[in-house]
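A.B. asks: All residue numbers for the sequence shown refer to my numbering, where the first residue is 351 and numbers rise by one.
So that we are looking at the same thing, I have put the structure below in C-alpha cells.
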Amino acid sequence: MKKLHVNLSGGRDYDIFIENGLLQKAGERIKEVFQGERIAVITDSNVRPLYADTVVSSLEKAGFAVKLIDFPAGEQSKNLETVVQLYDGLLHPDPFPMTRGDLIVALGGGVAGDMVGFAAATLLRGIPFVQIPTTLLAQVDSSVGGKVAVDLKQGKNLAGMFYQPKQVLIDPQTLKTLSDRIFFDGLAEVIKYGMIRDEKLFQLLEGCKNREELLPHMEEIIRVCCHIKKEIVEQDEMDTGERMVLNFGHTLGHAYEKLGHYSTYMHGEAVACGMVAICEIGERQGITPSGTAQRLRALLSTFGLPVKAEKVPIKALVETLAYDKKGSGGSITLVLCKRIGEAILQKTSKETFAQWVQETI
Ligand code: GLY
Numbered sequence: 351m352k353k354l355h356v357n358l359s360g361g362r363d364y365d366i367f368i369e370n371g372l373l374q375k376a377g378e379r380i381k382e383v384f385q386g387e388r389i390a391v392i393t394d395s396n397v398r399p400l401y402a403d404t405v406v407s408s409l410e411k412a413g414f415a416v417k418l419i420d421f422p423a424g425e426q427s428k429n430l431e432t433v434v435q436l437y438d439g440l441l442h443p444d445p446f447p448m449t450r451g452d453l454i455v456a457l458g459g460g461v462a463g464d465m466v467g468f469a470a471a472t473l474l475r476g477i478p479f480v481q482i483p484t485t486l487l488a489q490v491d492s493s494v495g496g497k498v499a500v501d502l503k504q505g506k507n508l509a510g511m512f513y514q515p516k517q518v519l520i521d522p523q524t525l526k527t528l529s530d531r532i533f534f535d536g537l538a539e540v541i542k543y544g545m546i547r548d549e550k551l552f553q554l555l556e557g558c559k560n561r562e563e564l565l566p567h568m569e570e571i572i573r574v575c576c577h578i579k580k581e582i583v584e585q586d587e588m589d590t591g592e593r594m595v596l597n598f599g600h601t602l603g604h605a606y607e608k609l610g611h612y613s614t615y616m617h618g619e620a621v622a623c624g625m626v627a628i629c630e631i632g633e634r635q636g637i638t639p640s641g642t643a644q645r646l647r648a649l650l651s652t653f654g655l656p657v658k659a660e661k662v663p664i665k666a667l668v669e670t671l672a673y674d675k676k677g678s679g680g681s682i683t684l685v686l687c688k689r690i691g692e693a694i695l696q697k698t699s700k701e702t703f704a705q706w707v708q709e710t711i
C-alpha cells in the first residue's frame, strides 16, 4: 500500500491511497474521513457492471446506506444536461435525497471524476466527495488536484472550479480491464510527468517494451506521478503559475482534439502529438536540446501512441488559443521542455506562437 498526503490549507488536505484490491476496502477507508451515514456512488455505464457492486458492497459492509447512479459512458456525456440528470438522481427521495451531510463517490475515468466532482461542488453549494479513479489517466492526473469541470460547446472543461476531494482511492488492478487504447492513452500522461519532472521515470518507461513489461511497475509508476502532481498542486493549487507545467503538450493537444471533433484522438493521444510538436518548436527556438523530440517520439511509438497529428489550420489554432486557460489577453503561457525531466513556462504572444506552429510543424 502506498499513501501520499496532499497538504492544502483550510482543512482541504487529503490522502491518496494506492493499493491493489483497494476497491474491496473502500468502505473502511472512507469511514476514516466521513462520519455520516449516506453515500451516493456515481459511475458510468461501462464501469457500473465492472466495479460498482464491489464498491457498493464494501460501503454497505462498513455500515453506509448507498444510492447508485449511472450515466452513459463517454466524453459526449460530460455536459450540463447530464449534470442536471445527476442532480435529479441525487435529490430523488428514493432511497434518500442527498443533503450536505452526505457524501458522493465518483467511480470511473476522467469524465466521471470531473463531472461528478462538478455536481458535488455545486449541488446544495457543495457536498463532500471521494474520487475512485479506474483509468490510468484518471489515476495519475485528473483525480488529484481538485479540478472539476464539464465541457461547453466552445471547448473542453470550460465550466468548472477547484473543489478538492476528501480522499483519492486508487486500485491499480482496475487497469486490467482497460483496452490497450485506453491504457496507453493514460500512459501518454505518465510520459508527460517524465518529460516535465522526472528523467528516471522516463528512463524506466524506455526500458519497457509493452504493456506486460509495464504492469509490475504500475503501482510505483502511479505513486511517482501522483507524488509529482501533489507537489505541484501544493505549490499552486489555483493554476496561476507552476501548475501550468502539467499542461505540457496540451495547448496543441487541445487543438488536435477539437479538430478531430473529440473522436479522432483520445485526450492522451492528442497530448502525445502535442508534446512532440512543442519539443520540435522548442528545438527550433533553441530552448529544447536537439534530439529531444526524437527520443520522445521513439518512446511514444513503442506504446503505439501517435506522434504527429494533421496540420492545424491557423484559424482553428487561433480559436483554440482564445479559450486556452493558460492564456491572458493576447498572450499565452507556453510549457517548453528545457531537458527531459525539466519543463519551463514562457509567456509568449499568441501571434508569435501561431507563427512558430506554422513554421515548424
Ligand atoms: N490536469 C492538469 C491539472 O490538474 O492541472
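Just so you know, even glycine gets a beta-carbon here, dropped at the ideal spot from N, CA and C.
Could you round the C-beta distance between V397 and G495 to whole angstroms and report it? I think they count as a contact, below 8 Å.
C.D. replies: Numbered from its first residue, the sequence shown carries residue 397 at position 47. Numbered from its first residue, the sequence shown carries residue 495 at position 145. With 8 Å as the limit, V397 and G495 do not qualify as a contact, their Cβ atoms being about 21 Å apart.
A.B. asks: Please give me, in chain order, every unbroken run of the alpha helix (DSSP H) with length at least 4 that falls completely inside the stretch 642-679.
C.D. replies: Whole alpha helix (DSSP H) segments, 4+ residues: 642-652, 664-672.
A.B. asks: Out of curiosity, what's the CA-to-CA distance linking Q426 and A462?
C.D. replies: If you number the sequence shown from 1, residue 426 lands on position 76. If you number the sequence shown from 1, residue 462 lands on position 112. If you take the alpha carbons of Q426 and A462, they lie about 12 Å apart.
A.B. asks: Restricting to Cα atoms, I'd like to know which of K381, L650, E570, Y615 is closest to N370.
C.D. replies: For the purposes of this step, residue 370 is identified with residue 20 of the sequence shown, where counting begins at 1. Looking at the Cα atoms, E570 is the closest of the given residues.
A.B. asks: What does the alpha-carbon distance come out to for the pair E304 and G413?
C.D. replies: The first residue shown for the chain is 351 and the last is 711, placing residue 304 beyond what the model contains.
A.B. asks: Candidates D501, D548, Y606: which alpha carbon is nearest L596's?
C.D. replies: To locate residue 596, count along the sequence shown from 1; it is residue 246. Measuring from the Cα of L596, the nearest candidate turns out to be D548.
A.B. asks: Taking 7 Å as the cut-off, is the C-beta of L596 nearer than that to any heavy atom in the ligand GLY?
C.D. replies: Translated into positions along the sequence shown, residue 596 becomes position 246. Answer for L596: yes, Cβ within range of the ligand GLY.
A.B. asks: What's the C-alpha gap between T740 and Q514?
C.D. replies: Missing from the structure shown is residue 740; the chain here goes from 351 to 711 and no further.
A.B. asks: Just checking my contact of K428 with V500 at CB under 8 Å: how many whole Å lie between their CB atoms?
C.D. replies: One-based indexing of the sequence shown puts residue 428 at position 78. One-based indexing of the sequence shown puts residue 500 at position 150. Correct: roughly 5 Å between the Cβ atoms.
A.B. asks: Can you tell me which of I682, Y673, A469 puts its alpha carbon nearest to the alpha carbon of G505?
C.D. replies: Stepping through the sequence shown from its first residue, residue 505 is reached at position 155. Residue Y673 is the option with its Cα nearest to G505.
A.B. asks: Taking the C-alpha atoms as reference points, what is the distance between I664 and Y606?
C.D. replies: The count along the sequence shown starts at 1 and reaches residue 664 at position 314. The count along the sequence shown starts at 1 and reaches residue 606 at position 256. Answer to the nearest angstrom: the Cα atoms are 12 Å apart.
A.B. asks: Can you grab the Cα-Cα spacing for the pair T524 / E619, in whole Å?
C.D. replies: Counting from one through the sequence shown, the residue named residue 524 turns up at place 174. Counting from one through the sequence shown, the residue named residue 619 turns up at place 269. T524 and E619: Cα-Cα distance of roughly 21 Å.
A.B. asks: Our contact map puts I482 next to L519 with C-beta atoms below 8 Å; I'd like the distance itself, whole angstroms only.
C.D. replies: Translated into the one-based positions of the sequence shown, residue 482 becomes position 132. Translated into the one-based positions of the sequence shown, residue 519 becomes position 169. Rounded, the Cβ-Cβ distance is 5 Å, consistent with contact.
A.B. asks: Using 8 Å as the threshold, is the C-beta distance between E556 and V490 below it?
C.D. replies: If you number the sequence shown from 1, residue 556 lands on position 206. If you number the sequence shown from 1, residue 490 lands on position 140. No, they are not a contact pair.
A.B. asks: My output table needs one value for F712: the three-state DSSP class, helix, strand or coil.
C.D. replies: No information on residue 712 is available, as it lies outside the stretch 351 to 711 that the chain covers here.
A.B. asks: Is the separation between the beta-carbon of K352 and that of I368 shorter than 8 Å?
C.D. replies: As a first step, residue 352 is located in the sequence shown; it is residue number 2 there, counting from the start. As a first step, residue 368 is located in the sequence shown; it is residue number 18 there, counting from the start. Yes, the pair counts as a contact, with Cβ atoms nearer than the cut-off.
A.B. asks: Between G495 and the ligand GLY, is there a pair consisting of the residue's CB and a ligand heavy atom that are separated by less than 7 Å?
C.D. replies: Here residue 495 is taken as the residue at index 145 of the sequence shown, counted from 1. Yes, the ligand GLY has a heavy atom inside 7 Å of this Cβ.
A.B. asks: Do T652 and K559 count as a contact pair if the criterion is CB distance below 8 Å?
C.D. replies: Taking the sequence shown and counting its residues from 1, one reaches residue 559 at position 209. Taking the sequence shown and counting its residues from 1, one reaches residue 652 at position 302. Contact flag set, yes.
A.B. asks: Which partner residues of K497 appear in the DSSP bridge assignment?
C.D. replies: As a working mapping, residue 497 is identified with position 147 in the sequence shown. DSSP, once it has assigned bridges, lists F512 as partnering K497.
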